[in-house]
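Novice:
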Amino acid sequence: MRRSPPQPRRSDKSRRTVSIVATGSYVPERILTNRELEQIVDTTDEWIRTRTGIRERRIAAPDEATSDMATKAALAAMKQAAVKAEEIDLIIVATVTPDMFFPATACWVQKKLGAVGAACFDVSAACSGYLYAMEIAQQFISTHVYNVVLIIGADKLSSIVNWSDRNTCVLFGDGAGAAILRNRGASHGVVATHMGSDGEFAEILFMPGGGSRYPITSENIGQQLNTIKMQGKETYKQAVTAMSDAADRALEAAGLRYDDIACVIPHQANMRIIEAIAHRMNLPMEKFYVNLEKYGNTSAAAVAIALDEAHRSGRFKIGDYILLVVFGGGLTWASSVIQW
Ligand code: ACO
């Protein structure tokens, strides 16, 4: 098991319990099927389905940016929570495909929502970003700094995919998921979270270009440095280990066993990765919420959309323990146990 920083203690009585009071999500209308991808790169529907479980993914319109999708997901969550824009104290957007380098995508969302009283920033933790944002929100609310926090996981990966690289272009899609967190006064809420990172493996999954290392120049664009690079097999291996370890640690911090969990919502990257962690947890696949066949891997949005769909479809009820577990570029990973 990797060495990890000390995890926050939740035993301090002055801390408030933090609940997810509402969720929302949005996916673009355009569906890109595996069959259509057969026309774009040398692949087959059968290869994609058997290696990943993905059947189709959503692709945002050319004029639809990450903040547009994020705002729609946020509005759905705000409606469910009956929270007005002016009540939001903090907006955190987890994304690796911000509208632009600055201002933060969270600021664009603030403008679209009219959330005039909110502080806003983005979190960059690739596919783990949504749980990183949730833990940041949890810390701010439990320590009485803020009352109402909007977190969003949103990505337009179609804008950074190399559409001539069959190793990666079949895996990803676009979308957004959101949640409103606040202190609900009851004991239910985020019970324990584990977060970790390992920069040693930064180069197995990354987009080298566009930043200060390889700025936007015609030469760098010519080398397609502004697109996702991935070592698939190594990523797969790391994902299984990191997610299993993260889940173990969050569960241990919560003082629970896998049998206590009603529903596991994992990062939606690859069905084989999910089956491998289910095997390690000794849990049946029925306990896992999976929607990757419809959306592919939407990075920070993936677990956020899955949580919203699982919540709205009644996959768990009040009082149930659920386990969220994610993994992404960085490397980064995180896991949260929540009593709904
Ligand atoms: N269609 C057809 N053939 C393909 C395709 C494709 N789309 N992609 C790769 N292949 C070929 C390869 O070129 C290779 O051919 P070769 O043997 O002639 O060289 C062959 O298929 C096998 O390739 P592998 O990489 O060995 O295939 P593998 O079984 O490992 O599956 C996959 C590849 C699906 C990418 C797998 O490694 C994986 O899922 N890795 C994790 C990826 C992931 O989840 N990334 C994101 C996680 S973190 C985040 O979300 C940001």
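Start counting the sequence shown at 471; every next residue gets the next number (this note's numbering). All C-beta atoms, glycine included, are put in the ideal place defined by N, C-alpha and C.
Where do the ends of the alpha helix (DSSP H) carrying residue 658 lie?
Specialist: Careful: residue 658 lies outside any alpha helix (DSSP H) and carries neither H nor E.
Novice: So the candidates are 806, 605, 620, 508; which of them puts its Cα closest to the Cα of residue 545?
Specialist: Here the closest residue by C-alpha is 620.
Novice: Quick one: using the 10 Å Cβ neighbour count with 16 as the cut-off for buried, is residue 514 buried or exposed?
Specialist: Looking at its Cβ environment, which holds fewer than 16 other Cβ atoms inside 10 Å, residue 514 is exposed.
Novice: Could you check whether the stretch 668–682 touches the stretch 788–800, counting it as contact only if at least three pairs of C-beta atoms, one from each stretch, sit closer than 8 Å?
Specialist: Judged by Cβ distances under 8 Å, the stretch 668–682 makes contact with the stretch 788–800, as three or more pairs qualify.
Novice: Put residue 556 into one of helix, strand or coil per three-state DSSP.
Specialist: Residue state, collapsed to three classes: helix.
Novice: Along the chain, which unbroken stretches of the alpha helix (DSSP H) at least 4 residues long are found entirely within the stretch 484–526?
Specialist: List check, alpha helix (DSSP H) in window: 504–508, 515–522.
Novice: So for residue 652, helix, strand or coil by DSSP?
Specialist: It is a strand residue.
Novice: Can you give the beta carbon distance from residue 648 to residue 622, rounded, assuming they're within the 8 Å contact cut?
Specialist: Rounded, the Cβ-Cβ distance is 4 Å, consistent with contact.
Novice: Quick test of the definition: if touching needs 3 or more C-beta pairs under 8 Å, does the stretch 596–608 touch the stretch 574–587?
Specialist: Because the criterion of three Cβ pairs below 8 Å is not met, the stretch 596–608 and the stretch 574–587 do not touch.
Novice: May I ask you to report which of helix, strand or coil DSSP gives residue 797?
Specialist: Here residue 797 sits in strand by DSSP.
Novice: Three-state secondary structure (DSSP) at residue 773?
Specialist: Looking at residue 773 - three-state DSSP - the assignment turns out to be helix.
Novice: Out of 768, 764, 744, 763, point me to the one whose CA is closest to residue 757's CA.
Specialist: Comparing Cα positions, the closest option is 744.
Novice: Using C-beta distances below 7 Å, list every residue in its chain close to residue 561, excluding the 5 sequence neighbours before and after it, in chain order.
Specialist: Result list for residue 561: 576, 579, 580, 585, 588, 590, 620, in chain order.
Novice: From which residue to which residue does the alpha helix (DSSP H) around residue 708 run?
Specialist: Segment 702–724, the alpha helix (DSSP H) holding residue 708.
Novice: In angstroms, rounded to a whole number, what distance separates the CA positions of residue 661 and residue 508?
Specialist: Straight-line Cα distance between these residues: approximately 45 Å.
Novice: Please look up how many angstroms separate the CB atoms of residue 807 and residue 793, rounded, as I've assumed it's under 8 Å.
Specialist: With a Cβ gap of about 6 Å, residue 807 and residue 793 count as contacting.
Novice: DSSP puts residue 528 in a beta bridge; with which residues?
Specialist: In the DSSP output, where bridge partners are listed per residue, residue 528 has 501.
Novice: Can residue 764 be considered in contact with ligand 1, in the sense that its beta carbon sits closer than 6 Å to one or more heavy atoms?
Specialist: No - ligand 1 has no heavy atom lying nearer than 6 Å to the Cβ of residue 764.
Novice: In whole angstroms, what is the alpha-carbon distance linking residue 599 and residue 559?
Specialist: Whole-angstrom Cα-Cα distance: 20 Å.
Novice: Could you check the C-alpha separation between residue 703 and residue 710 for me, to the nearest Å?
Specialist: Rounded to the nearest angstrom, the two C-alpha atoms are 11 Å apart.
Novice: Less than 6 Å between the CB of residue 767 and some heavy atom of ligand 1, yes or no?
Specialist: Yes; taking the cut-off as 6 Å, the Cβ of residue 767 has a heavy atom of ligand 1 nearer than that.
Novice: Just checking residue 517 against ligand 1 - is the residue's beta carbon closer than 6 Å to any of the ligand's heavy atoms?
Specialist: Result yes, Cβ under 6 Å from ligand 1.
Novice: Is any non-hydrogen atom of ligand 1 found closer than 6 Å to the C-beta of residue 703, if you look at the structure I gave you?
Specialist: For ligand 1, at least one heavy atom lies less than 6 Å from the Cβ of residue 703.
Novice: Report the option in 555, 492, 677, 666 whose CA atom is closest to the CA atom of residue 795.
Specialist: Residue 666 is the option with its Cα nearest to residue 795.
Novice: On the DSSP letters alone, give me the boundaries of the alpha helix (DSSP H) that residue 691 sits inside.
Specialist: Note, residue 691: alpha helix (DSSP H), 688–692.
Novice: So, at 6 Å on beta carbons, what are the nonlocal neighbours of residue 775 in its own chain, with the 5 sequence-adjacent residues on each side left out?
Specialist: Result list for residue 775: 495, 645, 647, in chain order.
Novice: Count the other CB atoms, across all protein chains shown, that sit within 10 Å of the CB of residue 615; report buried if there are 16 or more and exposed otherwise.
Specialist: Looking at its Cβ environment, which holds fewer than 16 other Cβ atoms inside 10 Å, residue 615 is exposed.
Novice: Between residue 802 and ligand 1, is there a pair consisting of the residue's CB and a ligand heavy atom that are separated by less than 6 Å?
Specialist: No, since every heavy atom of ligand 1 falls outside the 6 Å radius drawn around the Cβ of residue 802.
Novice: Give the DSSP-derived three-state secondary structure of residue 767 in the structure shown.
Specialist: Three-state DSSP puts residue 767 in a strand.
Novice: When the Cα of residue 728 is compared with those of 712, 737, 750, 741, which residue comes out closest?
Specialist: Looking at the Cα atoms, 750 is the closest of the given residues.
Novice: With distances taken Cα to Cα, identify the nearest neighbour of residue 698 among 658, 642, 497.
Specialist: The candidate whose alpha carbon is nearest that of residue 698 is 642.
Novice: Using the Cβ count rule (16 or more neighbours within 10 Å means buried), how would you classify residue 549?
Specialist: Result: exposed.
Novice: Taking residue 555 as the reference, which of 682, 569, 570, 582 has the closest Cα?
Specialist: Answer by Cα proximity: 582.
Novice: How many Å lie between residue 566 and residue 531 at the Cα?
Specialist: So the two alpha carbons sit approximately 18 Å from each other.
Novice: Taking a contact to mean a Cβ-Cβ separation below 7 Å, would you say residue 759 touches residue 785 in this structure?
Specialist: Yes, they are a contact pair.
Novice: Let's see if you can read the secondary structure: which residues bound the beta strand (DSSP E) around residue 590?
Specialist: First-last of the beta strand (DSSP E) with residue 590: 589–593.
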